[in-house]
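Read top to bottom, the protein sequences are chains U and A. Position 322 of the first sequence, counted from 1, bears residue number 622 in my numbering, the numbering being contiguous throughout. Position 121 of the second sequence, counted from 1, bears residue number 125 in my numbering, the numbering being contiguous throughout. Beta carbons: idealized from backbone N, C-alpha and C, even for Gly.
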Amino acid sequence: MTKLRTVINGMRLIGILLIISTMLGCSSDFFPIKREIDQTEMVQLMTIDKCNETGLVEVAVVNKTGMETGGGEGASQENERINVLSGIGETAYEAVRNLKADSDKVVFFSHLEYFIIGESAAKENFGKYFDIISRDPELRFTSKIYIAKECMAKDLVHVTLAQDKYIVDRLKNMEDDERVLGRISEVSIIEVIQMLNTPNIATVIPALRRSEIQEEISTEYLPFYDLATAGYAILKDFQLHDYIEESSARGYNFVVNKVKSTPISVKDHTGEYVALDLVGAETKVKGHFKGKKLTGVTFETYVQSNIGEQHSRVNLITKERLAEIKEKQEKIITEEMEKVIKFSQEIGTDCIELGKRLRMRYPFKWDHIENEWEKIFPEIDIKVKVIAKINRTYEINKPSGYELEQYEK
Amino acid sequence: MFWSKIKKEQSQIIKQDHNPEDDIIDKAISTDTLVSLLSDSEDIIFNHIIVNHDMNVKLTVVFVDGMVDSLQLDNDILKPLIQEKALSFVQDEKELINRILLGSVYHSHRMRCDTLSECIDRLFTGSVLLVFDDTHTAIAYESKGYEKRAITEPTNENVLKGSKESFIEVLHVNTALVRKRLPTHDLKVSHIYIGKRTKTAVCMVYLKNIANTDIVNEIKNRLESIAENDIFSSGQIEAVLKNKKYSIFPEQIYTEKVDKFSSAVLEGRVGILIDGVPNAIITPVDISSQLQASEDYASHFITSSFSRILRFISTFISLTLPAAYISITSYHQEMIPTELAVSIIESKKGVPFSTFIEVIMMLLAFEVLLEAGLRLPKAVGQAVSIVGALVVGEAAITAKILSPGVVIIISTAGITGFVIPSQDMSNAIRLLRFVLVVFSVLGGLFGISIGLIIILYHLCSIEVFGVPYMSPFVSMEGKGIFEDTLFRQQWSKAKKRPPNISTKDSIAKGETVK
Numbered sequence: 301m302t303k304l305r306t307v308i309n310g311m312r313l314i315g316i317l318l319i320i321s322t323m324l325g326c327s328s329d330f331f332p333i334k335r336e337i338d339q340t341e342m343v344q345l346m347t348i349d350k351c352n353e354t355g356l357v358e359v360a361v362v363n364k365t366g367m368e369t370g371g372g373e374g375a376s377q378e379n380e381r382i383n384v385l386s387g388i389g390e391t392a393y394e395a396v397r398n399l400k401a402d403s404d405k406v407v408f409f410s411h412l413e414y415f416i417i418g419e420s421a422a423k424e425n426f427g428k429y430f431d432i433i434s435r436d437p438e439l440r441f442t443s444k445i446y447i448a449k450e451c452m453a454k455d456l457v458h459v460t461l462a463q464d465k466y467i468v469d470r471l472k473n474m475e476d477d478e479r480v481l482g483r484i485s486e487v488s489i490i491e492v493i494q495m496l497n498t499p500n501i502a503t504v505i506p507a508l509r510r511s512e513i514q515e516e517i518s519t520e521y522l523p524f525y526d527l528a529t530a531g532y533a534i535l536k537d538f539q540l541h542d543y544i545e546e547s548s549a550r551g552y553n554f555v556v557n558k559v560k561s562t563p564i565s566v567k568d569h570t571g572e573y574v575a576l577d578l579v580g581a582e583t584k585v586k587g588h589f590k591g592k593k594l595t596g597v598t599f600e601t602y603v604q605s606n607i608g609e610q611h612s613r614v615n616l617i618t619k620e621r622l623a624e625i626k627e628k629q630e631k632i633i634t635e636e637m638e639k640v641i642k643f644s645q646e647i648g649t650d651c652i653e654l655g656k657r658l659r660m661r662y663p664f665k666w667d668h669i670e671n672e673w674e675k676i677f678p679e680i681d682i683k684v685k686v687i688a689k690i691n692r693t694y695e696i697n698k699p700s701g702y703e704l705e706q707y708e709k
Numbered sequence: 005m006f007w008s009k010i011k012k013e014q015s016q017i018i019k020q021d022h023n024p025e026d027d028i029i030d031k032a033i034s035t036d037t038l039v040s041l042l043s044d045s046e047d048i049i050f051n052h053i054i055v056n057h058d059m060n061v062k063l064t065v066v067f068v069d070g071m072v073d074s075l076q077l078d079n080d081i082l083k084p085l086i087q088e089k090a091l092s093f094v095q096d097e098k099e100l101i102n103r104i105l106l107g108s109v110y111h112s113h114r115m116r117c118d119t120l121s122e123c124i125d126r127l128f129t130g131s132v133l134l135v136f137d138d139t140h141t142a143i144a145y146e147s148k149g150y151e152k153r154a155i156t157e158p159t160n161e162n163v164l165k166g167s168k169e170s171f172i173e174v175l176h177v178n179t180a181l182v183r184k185r186l187p188t189h190d191l192k193v194s195h196i197y198i199g200k201r202t203k204t205a206v207c208m209v210y211l212k213n214i215a216n217t218d219i220v221n222e223i224k225n226r227l228e229s230i231a232e233n234d235i236f237s238s239g240q241i242e243a244v245l246k247n248k249k250y251s252i253f254p255e256q257i258y259t260e261k262v263d264k265f266s267s268a269v270l271e272g273r274v275g276i277l278i279d280g281v282p283n284a285i286i287t288p289v290d291i292s293s294q295l296q297a298s299e300d301y302a303s304h305f306i307t308s309s310f311s312r313i314l315r316f317i318s319t320f321i322s323l324t325l326p327a328a329y330i331s332i333t334s335y336h337q338e339m340i341p342t343e344l345a346v347s348i349i350e351s352k353k354g355v356p357f358s359t360f361i362e363v364i365m366m367l368l369a370f371e372v373l374l375e376a377g378l379r380l381p382k383a384v385g386q387a388v389s390i391v392g393a394l395v396v397g398e399a400a401i402t403a404k405i406l407s408p409g410v411v412i413i414i415s416t417a418g419i420t421g422f423v424i425p426s427q428d429m430s431n432a433i434r435l436l437r438f439v440l441v442v443f444s445v446l447g448g449l450f451g452i453s454i455g456l457i458i459i460l461y462h463l464c465s466i467e468v469f470g471v472p473y474m475s476p477f478v479s480m481e482g483k484g485i486f487e488d489t490l491f492r493q494q495w496s497k498a499k500k501r502p503p504n505i506s507t508k509d510s511i512a513k514g515e516t517v518k
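See below:
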């Protein structure tokens, strides 16, 4: 009996293993391919460009080796090396294969965090160059994507290389800084896929550019370049259509509800500046319908700020003065938002996600206007209403020297 | 030919194993017989006594030197035999025996022996024999006086809070300790003598009205089935109590703590005490019992529940971490953060071995260190650990034989393994680590999954005296999961005994001797 039970148990076990193996769809490659970690090249950034001369696709990947290593006795050695691998081919896939062939290690794409697509490639056909990114199962959908404005994507890599900087670290720092300024919000691959597949809205991707900086070297001024944000690129029909300028980027972020923090400076009644630290903003979209017809849209933005700085020596913490400051802040934000909305209507492209938000808020009414959205959008009467609130003035009601100022008067 | 020769030799050995002295055992009790049987042993003392100076009434006092308390022998046995007035009027041996049995020799623990084998058993367990040649009778007085270890703190189970009483090698002291904790008529202590020559007393301790009768009977039958086998270690008893003979998972719990043992008996489990062994066995148990410490019951229920969950997590980490490291570094490099991946790549630079070889080498080194630390004297053992872990480890990393990542992983797995309170469970986990490492190198996380499924399947197939090993996680419809497994309930709510051991009385009614 015991033997019989052992046999039955064994058969059960084999059965379970068979079920596992068959249900997982394993065929000839039952086990995955083994690849030692030290034999891999963990690339973190990929650029995709169109060669202007040949028309071929050029792909470059960047990685960093030689991280900080312990040197014993508390000391540490930094031995960093930035590697750039590039390949050219008829297609991006072929270029990647050529690139892999040049490397003496296995180029590993799963750690890719950034993609930059060159302007000429995006202008020609964004979809053509983006397909490999959205199709490859090794790649992460949470990776971020940028468009290189007025240059090739690989130029941006060389800009940072010239400064001995690693482009990925530079991008991360830049994102953190810009997020505080409210001028940029990153876009992931999955978000781009969603935008590309949503009818009636344009795809908006943040853009990067080379910024020229003058630096004093001995007595001469020599130009050198750095990486900088360049607003947003607007894609329409899978082609780069236009850019939202850097100066309008914050207005765009207010419209699409992506501002988390930003400084806004307004002048008080004495003509001196007051810095307001915006700590929260929320924009709601309200559609005005007459029957099934959309007659207008109102963007209602609620912002909350703290007073960060005051240049004058007068008491601003009174009802009237605060109302005045709030009004000025509201005006600045309204103007910025209106500028973007106007631009969006002028180019006839819904890059402010208005269609998407109306569809989510009024799904039944949207059905009636969906097909005519492209015609309706440039002509809608869009209003912006900003309601500001000052949360904290901090403990200093009266600034330093206030009493003295009163006495002098 | 070779095998048949060996078998022949073995059968001869078995034949020779038949002891000619066995025949003497059937003989009548007398001093001469005992002398002929035991004369070769000089530690056995024969004293001829004339009772109350009456030359007609003689007897022989037989005892093993060093095993009896000589003061007790002199005062409580010999003195009454020589001086007690009640014995001065006896006419013959029969009357003498009757008077002694009725208390004229005032030593409490007395017993009449009618067979020679019984006499010898008593003699060698620390009794004094009074042999009466004419009536072929003997009276045994238990007067154990051999040296024994004091009741000290448990050496293997550290206690911060709670009782520090531990079992010693003497059985009757151990049973008394349990009795002290469970002073109830319901507590049954039944002895079974195992071993033809060792005659080791094995004692089953259980609560008659709580413990499951079927389990008690089955344990008794199993112990009786090895009555002829000579035993020296508790491992032999454990083997006979094991239901899955080839499973490396322990089906019993060992403890040297009296409170833990008593609490288990109170829960309705059966405790087994072995003479000469300071560890008690508790059965039947499930997997969660292996991860419980007696201290859990001494702390607040939230902190002890946290400790228990930590033990479960640590066990899982200890089992899977080396294998997961191999999987991630050899198959699924996308799973770790980029910075970590780059850091691992850097640390592996110049190391000639694959991660698998590194892990296996380190695991083996860890086992060797552990074994060496155990075998060597305490002072030297520590030195070996320090030399092994620090000097050799550091040198191996500097010499690029091992990468620092592997050392961290294996030491983490090792440390988390030490969290497991049961040493046997810890050993099983340590061994299974190797198995999972092999699975991981074959198929990465897919391989680990298959390995874990096999282990889980095996665990689910174990039954300890009808109690599923994985209960209450896989049976009982989830009853008891939140009572005393992953979590420890509040005392005010813990009113039931573990449902999986099918006790006669499932309500604990506030008996909280934990």
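Chain A within 8 Å of residue i, Cβ atoms only
i: U/Glu-546; result: no
i: U/Ile-316; result: yes
i: U/Asn-309; result: yes
i: U/Ile-337; result: yes
i: U/Leu-345; result: no
i: U/Leu-481; result: no
i: U/Lys-560; result: no
i: U/Leu-712; result: Because chain U in this structure spans residues 301 to 709, residue 712 of chain U falls outside the shown range and cannot be described.
i: U/Lys-639; result: no
i: U/Lys-334; result: yes
i: U/Thr-340; result: yes
i: U/Lys-364; result: yes
Proximity test, residue i beta-carbon vs the ligand NAD heavy atom, cut-off 7 Å
i: A/Glu-371; result: With respect to the ligand NAD, the structure offers nothing, as it holds no ligand at all.
Span of the alpha helix (DSSP H) around residue i
i: U/Gln-645; result: 619 to 646
i: A/Gly-385; result: 382 to 390
i: A/Arg-116; result: First-last for A/Arg-116: 114 to 117, but that is the beta strand (DSSP E), not the alpha helix (DSSP H).
i: A/Leu-164; result: From DSSP, A/Leu-164 is part of no alpha helix (DSSP H); its letter is neither H nor E.
Cβ distance (whole Å) where residue i is taken to contact residue j below 8 Å
i: U/His-541; j: U/Ala-502; result: 7 Å
i: A/Val-55; j: A/Leu-63; result: 7 Å
i: U/Leu-576; j: U/Val-559; result: No, U/Leu-576 and U/Val-559 are not in contact; Cβ-Cβ is about 13 Å, not under 8 Å.
i: U/Ser-386; j: U/Val-359; result: 7 Å
i: A/Pro-288; j: A/Asp-428; result: The pair is not a contact, with the Cβ atoms about 15 Å apart (cut-off 8 Å).
i: A/Val-269; j: A/Leu-186; result: 7 Å
i: A/Gly-272; j: A/Ala-284; result: Wrong, their Cβ atoms sit about 16 Å apart, outside the cutoff.
i: U/Gln-539; j: U/Val-574; result: Wrong, their Cβ atoms sit about 44 Å apart, outside the cutoff.
Bridge partners - residue i, DSSP secondary structure assignment
i: A/Ser-147; result: Paired residue(s): none; A/Ser-147 is not in a bridge.
i: A/Cys-207; result: A/His-195, A/Leu-277
i: U/Ala-688; result: U/Val-603
i: U/Glu-512; result: U/Tyr-525
Extent of the continuous beta strand (DSSP E) run through residue i
i: U/Pro-563; result: 562 to 567
i: U/His-541; result: 539 to 544
i: U/Ser-605; result: 593 to 610
i: U/Glu-358; result: 357 to 365
i: U/Met-452; result: Taken as a continuous stretch (DSSP letters only), U/Met-452 belongs to no beta strand (DSSP E), as it is neither H nor E.
Below-8 Å beta-carbon distance, residue i vs any chain U residue
i: A/Lys-518; result: The predicted position of A/Lys-518 is uncertain, since its pLDDT is 42 and thus under 50; a value taken from the coordinates is nonetheless stated next. No, its Cβ sits nowhere closer than 8 Å to a Cβ of chain U.
i: A/Ser-465; result: yes
With 8 Å as the limit, tell me which residues of the stretch 398 to 426 of chain U have their beta carbon closer than that to any beta carbon of chain A; keep them in chain order. Phe-408, Ser-410, His-411, Glu-413
Using a Cβ-Cβ cut-off of less than 9 Å, give me the residues of the stretch 435 to 462 of chain A that come near chain U, in sequence order. Val-445, Leu-446, Gly-447, Gly-448, Leu-449, Phe-450, Gly-451, Ser-453, Ile-454, Ile-457, Ile-458, Tyr-461, His-462
What are the residues in the stretch 332 to 361 of chain A lying within 7 Å of chain U by C-beta distance? Thr-333, Ser-334, Tyr-335, Gln-337, Glu-338, Thr-342, Ala-345, Val-346, Ser-347, Ile-348, Ile-349, Glu-350, Lys-352, Lys-353, Ser-358, Thr-359
Of all the residues that make up the stretch 170 to 182 of chain A, which are near chain U by a beta-carbon distance shorter than 8 Å? none
Under 9 Å, CB to CB, which of the residues in the stretch 38 to 54 of chain A have a partner in chain U? none
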